[in-house]
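One structure is given below, encoded as structure tokens.
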Amino acid sequence: MKTFAKKELMMVKDKSIRDVAELAGVSISTVSRVLNEPSKVREELRRKVLDAVQTLEYRSNSIARALKGMPTKTIGLLIPSIENPFFPSMVRGVQDEAHRAGYSVFLCNTDGSGVIEETQYRLLLDKKVDGVVLVASKYTMKYLNEDGKLPIVMIDRYVNSQNFSYVTVDHQTGVRLALDHLWTLGHRKIAFLGSKLISSGAKERFQAYRRYMSEVKVQINEQLIIFGDYTYDSGMRMTDDLIKRETKFDSIICGNDLIAFGVIERLKKAGINVPQDISVVGYDDITFASYYTPKLTTVHQPTYEVGQMATRIMIDMISGTDKKTKHIKIEPTLVVRETTQRSRSGGK
Numbered sequence: 001m002k003t004f005a006k007k008e009l010m011m012v013k014d015k016s017i018r019d020v021a022e023l024a025g026v027s028i029s030t031v032s033r034v035l036n037e038p039s040k041v042r043e044e045l046r047r048k049v050l051d052a053v054q055t056l057e058y059r060s061n062s063i064a065r066a067l068k069g070m071p072t073k074t075i076g077l078l079i080p081s082i083e084n085p086f087f088p089s090m091v092r093g094v095q096d097e098a099h100r101a102g103y104s105v106f107l108c109n110t111d112g113s114g115v116i117e118e119t120q121y122r123l124l125l126d127k128k129v130d131g132v133v134l135v136a137s138k139y140t141m142k143y144l145n146e147d148g149k150l151p152i153v154m155i156d157r158y159v160n161s162q163n164f165s166y167v168t169v170d171h172q173t174g175v176r177l178a179l180d181h182l183w184t185l186g187h188r189k190i191a192f193l194g195s196k197l198i199s200s201g202a203k204e205r206f207q208a209y210r211r212y213m214s215e216v217k218v219q220i221n222e223q224l225i226i227f228g229d230y231t232y233d234s235g236m237r238m239t240d241d242l243i244k245r246e247t248k249f250d251s252i253i254c255g256n257d258l259i260a261f262g263v264i265e266r267l268k269k270a271g272i273n274v275p276q277d278i279s280v281v282g283y284d285d286i287t288f289a290s291y292y293t294p295k296l297t298t299v300h301q302p303t304y305e306v307g308q309m310a311t312r313i314m315i316d317m318i319s320g321t322d323k324k325t326k327h328i329k330i331e332p333t334l335v336v337r338e339t340t341q342r343s344r345s346g347g348k
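Okay, so the sequence shown: first residue is 1 according to UniProt numbering, each after it adds one.
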């Protein structure tokens, strides 16, 4: 029968027996027997007690490091919505890269609220995290400290500042890929349904649309441009608005995939077939895009790689290996599926 070394038993003495019992899910008397008469306690219970002791030892060491101003090997991650299917892959990229380097991640959801975002950020500071990776918002610069003491890396949405690094996707290229595809298929009356021009990504996508239409010498029809937000319901509402305007369109580029799903559903209800009557292109390539009916043609954002690269930059900043501010844009790709086809008008 296995017995515990004196060193392991002394670890139990150093902790509150009550804390150990609570974490292990056993009685105080069981912890006491492990300490004094380990041979009389079942192996399973002894292991629960020792696992609890080791967990408490890790926690106390983390607190001690924080109090001494030493690295805590923790990173904070702030995102606007854990329910948005765009973010899980990005979060996974951050976590995988952090764990490979021996860091833990505190994940905070802000619900797109400035108050919650600032509260969560200050909570992370109280936790003495070594750095923060965050999706920037219109509220971010109201509270963010620019003194450079705490490493900050922005992902996806960012604030253009020489004081902060960011990793995002090249939306100029992404929108151009989508529009090149529609143009090649003969589409000329291309509507744009996107999010309000608040975030960096929303602004860049719309700017890319206007720039492209100017380059191909197509006069922009403002009746074909509508702004809402990045949701399915907004996609339906914007489509209703577009149809009511009675302005001819042969295709739609959407600000994200959720908007595109709402667009397609509303077009179906109006008796308009996708892609036979209207081609639709999404943006993001979330998991549902390949399962939707019809399967969505969309711009793929490499969100996992964005999360990975942001975390690498963060860890280099923390370790002092490389503290230079970096502004990185990763190239997207176009995934052609079933919601686009050649225009019936033949480019007229």
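By construction, the Cβ of each residue, glycine as well, lies at the ideal position given by its N, Cα and C atoms.
From a predicted model like this one, the values you see are computed outputs, not experimental measurements.
*Helix, strand or coil: which one does DSSP assign to Val153?*
By 1-based counting over the sequence shown, the position of residue 153 is 153. Strand.
*On a CA-only basis, which of Val281, Asp111, Gly102 is nearest Asn84? Give me that one, please.*
For the purposes of this step, residue 84 is identified with residue 84 of the sequence shown, where counting begins at 1. For Asn84, the nearest C-alpha among the options comes from Asp111.
*Could you tell me how far apart the beta carbons of Tyr283 and Met90 are, in whole angstroms, since I believe they sit closer than 8 Å?*
Taking the sequence shown and counting its residues from 1, one reaches residue 283 at position 283. Taking the sequence shown and counting its residues from 1, one reaches residue 90 at position 90. The Cβ separation is near 15 Å, so there is no contact.
*Excluding five sequence neighbours on each side, which residues of the same chain lie with their C-beta closer than 8 Å to the C-beta of Thr74?*
As a first step, residue 74 is located in the sequence shown; it is residue number 74 there, counting from the start. Ser62, Tyr103, Ser104, Val105, Phe106, Lys127, Lys128, Val129, Asp130, listed in sequence order.
*Cβ of residue 420 within 8 Å of Cβ of Ala178?*
Here the chain has residues from 1 to 348 only, and residue 420 is not among them.
*Other residues of its chain near Asp241: CB distance less than 8 Å, five sequence neighbours each side excluded*: Position 241 of the sequence shown, counting from 1, holds the residue named residue 241. Once the five neighbours on either side are set aside, the close Cβ partners of Asp241 are Ile226.
*What did DSSP end up calling Ser251 once you bin it into helix, strand or coil?*
In the sequence shown, the residue the question calls residue 251 occupies position 251. Looking at Ser251 - three-state DSSP - the assignment turns out to be strand.
*Could you check the C-alpha separation between Val280 and Lys295 for me, to the nearest Å?*
Taking the sequence shown and counting its residues from 1, one reaches residue 280 at position 280. Taking the sequence shown and counting its residues from 1, one reaches residue 295 at position 295. Rounded to the nearest angstrom, the two C-alpha atoms are 11 Å apart.
*Just tell me which of Ser251, Asp285, Ser200, Phe288 has its CA closest to the CA of Ile272.*
Taking the first residue of the sequence shown as 1, we reach residue 272 at position 272. Looking at the Cα atoms, Ser251 is the closest of the given residues.
_Nearest to Leu50 (by Cα), restricted to the options Val31, Phe288, Arg188_ = Stepping through the sequence shown from its first residue, residue 50 is reached at position 50. Nearest of Val31, Phe288, Arg188 to Leu50, Cα basis: Val31.
_List, from N- to C-terminal side, the beta strand (DSSP E) runs of 3 residues or more that fit wholly inside the region 94-163._
104-109, 131-134, 152-155
*Through-space distance from Glu118 to Gly174, alpha-carbon basis*: The residue labelled residue 174 in the question sits at position 174 within the sequence shown. The residue labelled residue 118 in the question sits at position 118 within the sequence shown. Using only the alpha carbons, I get a separation of about 31 Å.
*Residue from Leu150, Lys268, Asp156 with nearest C-alpha to Val306*: By 1-based counting over the sequence shown, the position of residue 306 is 306. For Val306, the nearest C-alpha among the options comes from Asp156.
*Output yes or no for whether 8 Å exceeds the beta carbon distance between Asp229 and Asp257.*
Translated into positions along the sequence shown, residue 229 becomes position 229. Translated into positions along the sequence shown, residue 257 becomes position 257. For Asp229 and Asp257, no; Cβs fall outside 8 Å.
*asked:* Starting from Leu193, trace the beta strand (DSSP E) in both directions and tell me its first and last residue.
replied: Translated into the one-based positions of the sequence shown, residue 193 becomes position 193. Taken as a continuous stretch (DSSP letters only), the beta strand (DSSP E) holding Leu193 covers 190-195.
*Can you tell me whether DSSP reads Val20 as helix, strand or coil?*
Sequence index remark: in the sequence shown, residue 20 carries index 20 (1-based). In this structure, Val20 counts as helix in the three-state DSSP scheme.
*So, Met197 versus Gln341, is the Cβ gap smaller than 8 Å?*
Within the sequence shown, the letter at position 197 stands for residue 197. Within the sequence shown, the letter at position 341 stands for residue 341. The sequence as given places Leu at residue 197; Met does not occur at that position. Against a cut-off of 8 Å, the Cβ pair of Gln341 and Leu197 comes out as no contact.
*Specify, as a first and last residue, the run of the alpha helix (DSSP H) that Ile318 falls within.*
Sequence index remark: in the sequence shown, residue 318 carries index 318 (1-based). Run containing Ile318: 303-319, per the alpha helix (DSSP H) assignment.
*If you compare alpha carbons, which of Gln276, Ile253, Gly235, His171 is closest to Arg266?*
For the purposes of this step, residue 266 is taken as the residue at position 266 of the sequence shown. When each option's Cα is compared against that of Arg266, the closest is Gly235.
*What is the rounded straight-line gap between the Cα of Ser165 and the Cα of Arg176?*
On the sequence shown, position 165 is the one that residue 165 refers to. On the sequence shown, position 176 is the one that residue 176 refers to. About 25 Å.
*Kindly list the residues whose CB is nearer than 6 Å to the CB of Thr311, restricted to its own chain and excluding five residues on each side of it in sequence; keep chain order.*
Residue numbering aside, residue 311 sits at position 311 when the sequence shown is read from its first letter. Excluding sequence neighbours, Thr311 sits near Val94, Glu97, Ala98.
_Boundaries of the beta strand (DSSP E) in which Leu224 is found, first to last residue_ = Within the sequence shown, residue 224 is the residue found at index 224, counting from 1. It is not in any beta strand (DSSP E) - Leu224 carries neither H nor E in the DSSP assignment.
*Distance, Arg344 Cα to Ala202 Cα*: For the purposes of this step, residue 202 is taken as residue 202 along the sequence shown, with counting starting at 1. For the purposes of this step, residue 344 is taken as residue 344 along the sequence shown, with counting starting at 1. One C-alpha to the other measures close to 30 Å.
*asked:* Quick check: what's the CA-CA separation for Val41 versus Ile28?
replied: For the purposes of this step, residue 41 is identified with residue 41 of the sequence shown, where counting begins at 1. For the purposes of this step, residue 28 is identified with residue 28 of the sequence shown, where counting begins at 1. Just so you know, the alpha carbons of Val41 and Ile28 end up roughly 13 Å apart.
*asked:* Report the CB separation of Leu78 from Val153 in whole angstroms; it is logged as a contact under 8 Å.
replied: Locating residue 78 in the sequence shown gives position 78, counting from the first residue. Locating residue 153 in the sequence shown gives position 153, counting from the first residue. Their Cβ separation, rounded to whole angstroms, is 11 Å, which puts Leu78 and Val153 out of contact at 8 Å.
*What is the rounded straight-line gap between the Cα of Ile243 and the Cα of Leu125?*
In the sequence shown, the residue the question calls residue 243 occupies position 243. In the sequence shown, the residue the question calls residue 125 occupies position 125. Each residue's alpha carbon lies about 49 Å from the other.
*Considering Val41, what are the terminal residues of the beta strand (DSSP E) in which it resides?*
The residue labelled residue 41 in the question sits at position 41 within the sequence shown. Segment: none, Val41 is in no beta strand (DSSP E) and carries neither H nor E.
*Measure from the alpha carbon of Lys326 to the alpha carbon of each residue in Gln162, Ile259, Leu334, then state which is nearest.*
Counted from its first residue, the sequence shown places residue 326 at position 326. With distances taken between Cα atoms, Lys326 lies closest to Gln162.
*Would you please state the rounded distance, in angstroms, between the beta carbons of Ile330 and Pro302? I believe it to be under 8 Å.*
Along the sequence shown, read from residue 1 onward, the residue named residue 330 stands at position 330. Along the sequence shown, read from residue 1 onward, the residue named residue 302 stands at position 302. So it is a contact: roughly 5 Å between Cβ atoms.
*Per-residue burial, Ile220 [other beta carbons within 10 Å of its own, 16 or more giving buried]*: Numbered from 1 along the sequence shown, position 220 holds the residue referred to as residue 220. Answer is exposed; the Cβ neighbour count stays below 16.
_Can you give me the C-alpha to C-alpha distance between Val274 and Met309, rounded to a whole angstrom?_
Translated into the one-based positions of the sequence shown, residue 274 becomes position 274. Translated into the one-based positions of the sequence shown, residue 309 becomes position 309. Cα to Cα, the separation comes out at about 37 Å.
*Buried or exposed: where does Arg205 fall if 16 or more other Cβ atoms within 10 Å of its Cβ makes it buried?*
Taking the sequence shown and counting its residues from 1, one reaches residue 205 at position 205. Answer is buried; the Cβ neighbour count reaches 16.
*State buried or exposed for Lys268, treating a residue as buried only when at least 16 other CB atoms are found within 10 Å of its CB.*
In the sequence shown, residue 268 corresponds to position 268, counting from 1. That one is exposed.
*For Pro71 versus Ile318, is the C-beta distance shorter than 8 Å?*
Sequence index remark: in the sequence shown, residue 71 carries index 71 (1-based). Sequence index remark: in the sequence shown, residue 318 carries index 318 (1-based). Cβ distance < 8 Å, so Pro71 and Ile318 count as in contact.
*asked:* Assuming Val26 and Leu45 are in contact, meaning their beta carbons sit under 8 Å apart, how far apart are those beta carbons, in whole angstroms?
replied: Here residue 26 refers to the residue found at position 26 when the sequence shown is read from its first residue. Here residue 45 refers to the residue found at position 45 when the sequence shown is read from its first residue. The pair is a contact, with the Cβ atoms about 6 Å apart (cut-off 8 Å).
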